[in-house]
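Comments concern the structure below.
Residue numbers (our numbering): 1 to 180.
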């Protein structure tokens with residue numbers, strides 16, 4: 001079994017900007033995502049047998065979504081500011097359409113459908129434990145970054161990724177790159 005997900009990769013100029021933003025967020029109690037690993041998850045598939053990689057890759061090649069311009073801007077938290085667990089960057093573009101297409105093409109595999117409204121985002125950090133004054137510092141940092149704009153790029157492919165969890169953090173491997 002391998003742990004898998006479908007993602008939109010971010011270009012180098014955005015990953016470099018992520019690194020500079022994270023330097024401002026280097027506070028005790030936060031687990032920053034390695035800038036090179038920051039991406040937009042279209043769908044988390046979970047553990048699948050390796051024998052399903054090829055059929056899933058074939059299905060994903062049937063996605064009906066043309067390439068589109070996208071922008072990475074804005075910063076927010078899940079689930080809510082008073083109780084932060086994830087800090088994310090917003091993504092604008094045809095991500096909802098792309099997400100719906102991923103869901104449609106994978107329907108035959110009977111993966112659990114995503115609950116709620118899809119919100120395109122790139123996770124920057126996970127909140128482990130915040131005590132005052134660190135929480136107050138984080139609120140100030142996030143307020144200063146909420147209108148951040150990392151720029152535009154074109155989404156012209158998605159990736160089918162394998163994720164191996166290690167004590168040092170996840171290791172991602174691209175199984176298939178699917179052009180739009």
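Cβ coordinates follow ideal geometry from the N, Cα and C atoms, glycine included.
Which residues in the same chain have their Cβ closer than 6 Å to the Cβ of residue i, if we skip the five residues on either side of it in sequence?
{"i": "residue 150", "result": "14, 17, 72"}
{"i": "residue 148", "result": "75"}
{"i": "residue 176", "result": "57, 160"}
Just how far apart, CA to CA, sit residue i and residue j?
{"i": "residue 61", "j": "residue 136", "result": "46 Å"}
{"i": "residue 8", "j": "residue 115", "result": "20 Å"}
{"i": "residue 12", "j": "residue 21", "result": "14 Å"}
{"i": "residue 166", "j": "residue 51", "result": "23 Å"}
{"i": "residue 56", "j": "residue 106", "result": "7 Å"}
{"i": "residue 134", "j": "residue 168", "result": "24 Å"}
{"i": "residue 164", "j": "residue 5", "result": "11 Å"}
{"i": "residue 97", "j": "residue 104", "result": "10 Å"}
{"i": "residue 83", "j": "residue 34", "result": "23 Å"}
Is residue i near residue j, with beta carbons less than 8 Å apart?
{"i": "residue 127", "j": "residue 10", "result": "no"}
{"i": "residue 155", "j": "residue 68", "result": "yes"}
{"i": "residue 24", "j": "residue 102", "result": "no"}
{"i": "residue 171", "j": "residue 160", "result": "no"}
{"i": "residue 88", "j": "residue 122", "result": "yes"}
{"i": "residue 70", "j": "residue 91", "result": "yes"}
{"i": "residue 86", "j": "residue 95", "result": "no"}
Starting from residue i, follow the beta strand (DSSP E) in both directions and report where the run begins and ends.
{"i": "residue 21", "result": "Taken as a continuous stretch (DSSP letters only), residue 21 belongs to no beta strand (DSSP E), being part of the alpha helix (DSSP H) at 12-24."}
{"i": "residue 40", "result": "39-48"}
{"i": "residue 173", "result": "171-179"}
Using C-beta distances below 8 Å, list every residue in its chain close to residue i, excluding the 5 sequence neighbours before and after it, in chain order.
{"i": "residue 99", "result": "42, 43, 114, 118, 120"}
{"i": "residue 66", "result": "180"}
{"i": "residue 201", "result": "The first residue shown for the chain is 1 and the last is 180, placing residue 201 beyond what the model contains."}
Which stretch, first to last residue, makes up the alpha helix (DSSP H) that contains residue i?
{"i": "residue 57", "result": "53-60"}
{"i": "residue 101", "result": "95-105"}
Identify, in the order they occur along the chain, each residue of the same chain with its Cβ nearer than 7 Å to the Cβ of residue i, setting aside the five sequence neighbours on each side.
{"i": "residue 1", "result": "47, 48, 49"}
{"i": "residue 64", "result": "101"}
{"i": "residue 39", "result": "7, 8, 9, 10, 122"}
Ranges of the alpha helix (DSSP H) found wholly within the segment 120-153, counting only runs of at least 4: 134-145
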